[in-house]
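Chemist: Taking my numbering, the leading residue of the sequence shown gets 48, the next gets one more, and so forth.
Just so it is clear, CB atoms sit at the ideal spot from N, CA and C, and this is done for glycine as well.
Note that the structure is predicted; figures quoted are calculated from it, not measured.
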Amino acid sequence: MRCPVADSLYQVMQDALREMLGNLHTATVARVVQVNETTVDVQPVINRVVDGESVKLPVFVEVPPVTLQGGGSYLAMPIAEGDYCLLVFTERCFDRWYQGKDEQPPAEMRMHDYSDGFAIVGVNPIQAAITLPQILTIQGDSEQFGNFRLDGDLVVTGKITVDGDVSSGGSIDASGNIEATGEVKGADCKTVTGVSLNTHVHPTAAPGPPSPPTPPGA
């Protein structure tokens, strides 16, 4: 025989747990609605259900985006309005850490709260999903500050514009034309279309009116 009191207590506990879990926030999907200097404003796109009704969440403002970073190097992607992101919420309030204070107690005792989120930009619905490539693929313009080192071949389709000096420790093979508006110097020029530039000389024309040069031995 079931005990009505026990059943009632069990139901109360179930309701309390459901209410608690409903306010324990872990992650959700959102859309970027504004890009700030170092943060983004995002609109969650998955509604909450409260008492059986769908409730739209408000815009979360000044959410820090996650950047791939290590040491003094980082890879920062441009973020645009309309981009989707995964909002993840920390276990505790991170306000003091965000202000530059490590190893401090949280400023507030909230836990798993909507106020403490980071945005991981780069999630997409199935109709906008990116096909997984076989090799590293970069789509869009890029800009780099600092040195760039490459151990291997580099194949470029398109024009290359260099604002600075170019040094080569190997040979240069060009199948097209080479144009220069300045001087072209060489310490040891070999041949051009079969003619040696090291030994080639032009015969001196005979005195008098201009005439074609006399070939050697003529």
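Rounded to the nearest angstrom, what separates residue 138 and residue 70 at their Cα positions?
Modeler: 12 angstroms
Chemist: Going by DSSP, what residue range makes up the beta strand (DSSP E) through residue 142?
Modeler: Segment 142-145 is the alpha helix (DSSP H) holding residue 142; no beta strand (DSSP E) there.
Chemist: Suppose you measure from the CA of residue 232 to the CA of residue 168; what does that come to, to the nearest Å?
Modeler: So the two alpha carbons sit approximately 51 angstroms from each other.
Chemist: Looking at the structure shown, is residue 65 part of a helix, part of a strand, or coil, going by DSSP?
Modeler: helix
Chemist: First and last residue of the beta strand (DSSP E) that includes residue 88?
Modeler: 87-91
Chemist: Give the list of continuous beta strand (DSSP E) stretches no shorter than 3 residues that lie fully inside the segment 77-139.
Modeler: Within the segment 77-139, complete beta strand (DSSP E) segments of at least 3 residues are found at 87-91, 95-97, 100-102, 107-110, 115-117, 120-122, 131-136, given in chain order.
Chemist: State the CB to CB distance for the pair residue 90 and residue 97, rounded to an integer number of angstroms; the pair is presumed to be in contact (CB under 8 angstroms).
Modeler: Actually they do not touch by this definition, with Cβ atoms about 18 angstroms apart.
Chemist: DSSP puts residue 74 in a beta bridge; with which residues?
Modeler: Note: residue 74 sits in a beta bridge opposite 135.
Chemist: In this structure, does DSSP put residue 60 in helix, strand or coil?
Modeler: helix
Chemist: Which same chain residues, not among the five before or five after residue 120, have their C-beta less than 8 angstroms away from its C-beta?
Modeler: Cβ within range, chain order: 193.
Chemist: Relative to the C-alpha of residue 144, which residue among 111, 128, 123, 131 is closest?
Modeler: Check the Cα spacing between residue 144 and each of 111, 128, 123, 131: the tightest is with 111.
Chemist: Alpha carbon to alpha carbon, how far is residue 130 from residue 163? Give it in angstroms, no decimals.
Modeler: 20 angstroms
Chemist: Go ahead and label residue 108 buried or exposed: buried means 16 or more other beta carbons lie within 10 angstroms of its beta carbon, across all protein chains shown.
Modeler: exposed
Chemist: Less than 8 angstroms between the CB atoms is what I'm expecting for residue 115 and residue 74, so what's the real figure, rounded?
Modeler: About 19 angstroms separates the CB atoms of residue 115 and residue 74; that is not less than 8 angstroms, and the two are not in contact.
Chemist: Work out the CA separation of residue 220 and residue 124 for me, nearest whole Å.
Modeler: Computed Cα separation, rounded: 36 angstroms.
Chemist: Taking the beta carbon of residue 87 as the centre, do at least 16 other beta carbons fall within 10 Å, making it buried, or is it exposed?
Modeler: With 16 or more neighbouring CB atoms inside 10 Å of its own CB, residue 87 falls in the buried class.
Chemist: Is the CB-CB distance between residue 140 and residue 150 below 9 angstroms?
Modeler: no
Chemist: Can you tell me which of 230, 208, 126 puts its alpha carbon nearest to the alpha carbon of residue 166?
Modeler: 126
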